[in-house]
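To keep things clear, I will list the structure first and then write my remarks on it.
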Amino acid sequence: MASEDPEKKTEVVLLACGSFNPITNMHLRLFELARDYFHETGKYKVIKGIISPVGDAYKKKGLISAHHRVTMAKLATKNSDWVEVDDWESSQSAPQVKLLCGSDMLESFRIPNLWKLEDITEIVENHGLVCISRAGNNVQKFIYESDLLWRHKNNIHLVEEWITNDISSTKIRRALRRGQSIRYLVPDVVQAYIEKNNLYSPESEDRNAGVVLAPLQKYASDSKN
């Protein structure tokens with residue numbers, strides 16, 4: 764690791780957006796991997812991690828209420844001394860905010876009308892992102908095939924998870940619907956909250972079924988006007 768004056772390191776805030784439906788240990792692991800990566804470069808100091816669950820208006824299939832998802836995220840980060848849930852306000856002068864995501868979110872950039880081109884440009888050009896690659900995803904190839912991402916490839920930090928972890932919220936919900944154990948797959952406090960509130964069931968998975976995602980609804984509406 765390079766030996767540099769800590770005062771000269773660029774301060775970074777890691778921001779992870781998503782449904783967190785529910786939050787899993789893999790979501791939390793993303794932050795640890797990204798922080799290790801930046802610290803090992805000797806050029807950056809990660810000062811904060813922020814988890815920002817999407818709102819109910821996103822209308823994703825199977826999405827339970829934001830109240831429960833935010834509560835579970837707060838429970839999951841309760842013992843963290845640097846990762847918080849969406850209410851952090853910077854006390855620093857001007858840290859860089861970088862979007863923290865998995866390869867699935869990065870690859871969602873190519874879904875027609877899901878993202879505005881100007882929003883993607885704003886992220887990769889003016890902020891940057893940290894992508895934790897999952898097994899079976901060729902993120903570098905995806906970046907190569909996108910002129911926009913390739914142009915800003917130096918602002919896209921790829922971190923490989925060498926210890927395979929295939930946990931996903933989708934698989935957690937499937938296990939719960941089938942009455943299978945999710946212990947050691949999500950934080951214990953999150954599992955307890957799910958069980959106490961009986962959050963995931965076949966009925967909850969059908970919520971928003973057949974409903975177009977909110978960003979796509981807006982695009983369709985704008986196209987008609």
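Using this note's numbering, the letters of the sequence shown map in sequence onto residues 764 to 988. All C-beta atoms, glycine included, are put in the ideal place defined by N, C-alpha and C. No experiment lies behind these values; they were computed from the predicted model shown.
The beta strand (DSSP E) enclosing residue i, as first and last residue numbers
i           : result
residue 944 : Residue 944 -> no beta strand (DSSP E), and no H or E assigned at all.
residue 926 : Per DSSP, residue 926 belongs to no beta strand (DSSP E) and is neither H nor E.
residue 837 : Unbroken run through residue 837 is the alpha helix (DSSP H), 829 to 839; no beta strand (DSSP E).
residue 843 : No beta strand (DSSP E) holds residue 843; DSSP gives it neither H nor E.
Proximal residues to residue i (C-beta, below 7 Å), its chain only, five neighbours per side dropped
i           : result
residue 833 : 816, 848
residue 840 : 814, 846, 847, 848
residue 962 : 827, 831
residue 818 : 829
Whole-Å CB distance - residue i paired with residue j, under 8 Å assumed
i           : j           : result
residue 797 : residue 953 : About 21 Å separates the two Cβ atoms, so there is no contact after all.
residue 778 : residue 813 : 5 Å
N-terminal and C-terminal residue of the alpha helix (DSSP H) that residue i is part of
i            : result
residue 959  : 951 to 960
residue 1019 : With the chain covering 764 to 988 only, the question about residue 1019 has no answer from this structure.
residue 902  : 902 to 907
residue 797  : 788 to 804
Residue i burial status per 10 Å Cβ neighbour count (16 or more: buried)
i           : result
residue 782 : buried
residue 975 : exposed
residue 911 : exposed
residue 784 : buried
residue 956 : buried
residue 850 : Unreliable placement is indicated for residue 850, whose pLDDT of 42 sits below 50; no coordinate value is reported for it.
residue 927 : exposed
residue 854 : Confidence at residue 854 is low in this model, with a pLDDT of 29, below 50, so the placement of that residue should be treated as unreliable; the coordinate-derived value is given next. Residue 854 comes out exposed.
Cutoff 6 Å; reference residue i; Cβ partners in own chain excluding five residues on either side
i           : result
residue 837 : 848
residue 824 : 971, 972
residue 950 : 839
Quick one: any contact between the segment 873 to 888 and the segment 930 to 949, if contact means 3 or more CB pairs under 8 Å? no
Would the segment 786 to 806 count as touching the segment 920 to 930 if we require 3 or more Cβ pairs under 8 Å? yes
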